[in-house]
Every structure is written in C-alpha cells, then in structure tokens.
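Structural data, given as structure tokens:
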C-alpha cells in the first residue's frame, strides 16, 4: 500500500501534506519531526517583538490538531538517525518506519562561526520556535544592548525589530554594507543610513573574534581589537541546508539536496523540498518557492507527474525603517544594473543583453512599483511543455 513519509514539520512539510490532502484524502501520510511539530510562521520570528508576540502566540496550530485536520500520523520529538534506501525504511530513536515515497523537508541549520573566549557558547541563534522562546527568555527588558553577528537579511530584520522596541543594537560582519549578498551598494547603504538614524551601530568589514563573560553581560573583541560590551549576542550569520541524512544515505548534494524539477533526488523513491533542497539548481529558502514546489510535488506523489514552475517571486525584506523588496537576477546572469537613488529611496533594475528586465531591487517609496515590475520579469523556471 502506498505510504508517503515526510521528514520535517516546517512550512515545506505541512504545505506538502495540505496539498496532498487537497487531491487525495485516503493515501497514507506520516510525518516525523524532531520538535513538537507545532505549525507556525517562521518568517514571524524576526519581527515578533514589534508584533508583541511570545513564542506561544506564534503557534497557528498544534501537532495534534494538524494530525486530525490532515488525517496524518505525526511522530513528534522523534529523531531520525538514518535512511535505509534499500529496505525503504527510516530509522529513528523510537523504531523503524517503512515508506514507498520519502520526502525530505529538513530545513536548514544556522552557520556558527568559530570564536574564542569563555562565553562563545552563550551566543543565541533563532531558527525555530524553540529558539525564539529561548531568545525571549534571555532578552533583557528594553533598554538593553544587543550585539548581532551578521548584517545580512536575518540580522537586519532582527535589528529593525529590536530598534523598534527601544533596544541599542550593534551589527558586526565582514560585509562592505548590509545584506551585501543580495543588495546593490546604494540600497545597502540607504538601509544602513536609515538604521543608523534609528540608533544602530555598525562594525563592518570585521568579525567578532572573542566573546567573554562579564559580571553583567558579555564582551566582544573584534578583529580590529575594538570592544563591544553588551547584554546579549545574537548570531545571524546565515543558514546551511540540512544535508547530513541525505549525504549519509548516498544522495546527491551540492548547495542543497540535489533534485530535478520533479523534486526527485538521485534515489527515485526520495524527494526533497524547502530550505534543504536544491531544485533544478535553485536553493530558494523563501515562502513562495516552497508553496510552488509543494503544489507540484503533491500532484506527482498522487499520480500526476508534475514539474515545478517558478514564476518571478519577489521577496519582501522586513525592515520597515527602510522597506526593501528584491527579485534578484539568476546567479551568473549576463546583463547590467541601472541604479537610481533619491530622497524617496532606491530603484535598481537589472536588464539582460537584449534589454529584458530580469531582476530588481526596490527600497523606500519605490517598493510601490513591485507589482508592475514583477509582471515584466521572466519566469525563474518556466514550463517546459
């Protein structure tokens, strides 16, 4: 009898289960998750303070209610130790589970940079509901000083959130400007200026080398020997797709668990989606790509082989101090940026050699152009038929 086994209870896993149930109410579904399995919006973690949310407020549905709603067995707080591809079994710390189709929705794990000092283990990362609960427990009442290691997308979203609630914030990283892997310099510097005016302090083009305990709080020593004394250290350096199980099972991996456009891995019975997956060359850890992939995979797993199609999918960065929306061109795409800046914000448009708009970055008031410009963009992964 057909049985679909999903590993992971994040947006990818639950979205897939919902899409499967939309087309097939009888197929056997099982989910295994290492955490409590509660369904929540992970993007809300980086602006929960401004929303006045404690961890319990972010839960949209418990694992028990999701199990009832989706007619799916959910094994919570269950750790998977191996995948036996020959026997089509998943081995856990509570027994073995058979599958006919296995879906890896394993998410991503925080990058933890090497540091010295007697307090480096006290760095906080926020990549789950449990992490957010711990963060809120450890966060002193405002005003307090939070040092954020990593001035990328997540680091800047958390910084904006903390600044909005009266915290002093220092951001540290080797980048020349905020979110430098996604933003042109003029947009990154516009964001930096807006956050500086709100009270942020920047320590760019250097890293935190040492973290020591003080009588109250912590002391960071940077690579230029400067000192930052703070009450809490948040590490937001970035995420790596979770690939250990896949690697140990002999599946193909690169920047993520490699799949084709059917989301099939190098093993014909195993699929992957979400933050852990590299689908047809794309690793897109955002909501809309996950939803598109889940919809396509649900059809495939219920008897209608379907390739994933990615339309243009702009991403809104949650920095209300200087709003930003991005639709980056494909990695390595040929073309040129045309950048404009004024008091309203920045507008950066990327055109290919034929003059076709193939990416944009908008900030400030220019984010209002998102919808009209998105209509001009080509699909990231167009239909092949």
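In my numbering, the protein residues as written are 57 to 441. Where a beta carbon is used, it is the ideal one built from N, C-alpha and C, also for glycine.
Spatial neighbours of residue i in its chain, beta-carbon cut-off 8 Å, leaving aside the 5 residues before and after
i	result
residue 409	390 and 391
residue 145	139, 152, 153, 154 and 155
residue 358	76, 79, 80 and 83
residue 321	160, 302, 307, 308, 313, 314, 315, 327 and 328
residue 102	182, 210, 213, 214, 217 and 374
residue 187	101, 180 and 181
Cβ-based burial, residue i [other Cβ within 10 Å; buried from 16]
i	result
residue 57	exposed
residue 431	exposed
residue 345	buried
residue 202	buried
residue 435	exposed
residue 233	buried
residue 116	exposed
residue 375	buried
residue 259	buried
residue 352	buried
residue 305	buried
residue 179	buried
residue 341	buried
residue 388	exposed
residue 244	buried
Alpha-carbon to alpha-carbon, residue j and residue i
i	j	result
residue 248	residue 326	43 Å
residue 315	residue 308	8 Å
residue 350	residue 207	31 Å
residue 256	residue 214	12 Å
residue 411	residue 405	11 Å
residue 297	residue 384	20 Å
residue 323	residue 161	15 Å
residue 147	residue 72	22 Å
residue 167	residue 311	14 Å
residue 165	residue 429	33 Å
residue 177	residue 68	30 Å
residue 337	residue 282	41 Å
residue 331	residue 272	37 Å
residue 425	residue 135	45 Å
residue 143	residue 128	23 Å
Contact check, residue i vs residue j, beta carbons under 8 Å
i	j	result
residue 262	residue 280	yes
residue 246	residue 401	yes
residue 239	residue 371	no
residue 301	residue 185	no
residue 109	residue 100	yes
residue 483	residue 194	The requested residue 483 is not part of the displayed model; the chain covers only 57 to 441.
residue 423	residue 381	yes
residue 171	residue 264	yes
residue 66	residue 211	no
residue 126	residue 74	yes
residue 228	residue 290	no
residue 149	residue 137	yes
residue 295	residue 183	yes
residue 379	residue 420	yes
residue 407	residue 399	no
Distance cut-off 7 Å: residue i Cβ against heavy atoms of the ligand MG
i	result
residue 425	Inclusion of the ligand MG in the displayed structure is not the case, the ligand content being empty and no account of it being possible.
Chain-order list of residues whose beta-carbon lies under 6 Å from that of residue i (same chain, five-residue window excluded)
i	result
residue 377	216, 250, 251 and 254
residue 132	89, 92, 93 and 119
residue 299	309 and 313
residue 175	267, 268, 269 and 274
residue 362	352, 355 and 356
residue 339	311 and 312
residue 333	312, 313 and 315
residue 59	84, 155 and 156
residue 450	Residue coverage of the chain in this structure runs from 57 to 441, which leaves residue 450 outside it and unanswerable.
is_contact[residue i, chain B] using C-beta, thresh 8 Å
i	result
residue 377	The displayed structure is made up of one protein chain only, and chain B is not part of it.
Neighbourhood of residue i by C-beta distance below 7 Å, restricted to the same chain and skipping five residues each side
i	result
residue 198	221, 222 and 223
residue 192	110 and 111
residue 364	317, 319, 335, 348, 349, 352 and 437
residue 209	235, 238 and 373
residue 70	95 and 122
residue 433	368, 383, 413 and 414
residue 189	111
Quiz item: Quick one: complete alpha helix (DSSP H) runs, 4+ long, within the segment 208-247?
Solution: 209-220
Quiz item: Where are the alpha helix (DSSP H) runs, 4 residues long or more, that stay fully inside the segment 238-301, in chain order?
Solution: 241-253
Exercise. At 3 residues or longer, and completely inside the segment 73-134: list those beta strand (DSSP E) runs for me, N to C.
Key: 84-88, 115-117 and 129-131
Self-check item: In chain order, each beta strand (DSSP E) run of at least 3 residues that lies wholly inside the segment 134-209
Solution: 136-140, 145-148, 151-154, 157-160, 164-166 and 201-205
Exercise. Mind listing, in chain order, the continuous beta strand (DSSP E) runs of no fewer than 3 residues lying wholly within the segment 344-395?
Key: 371-373 and 380-383
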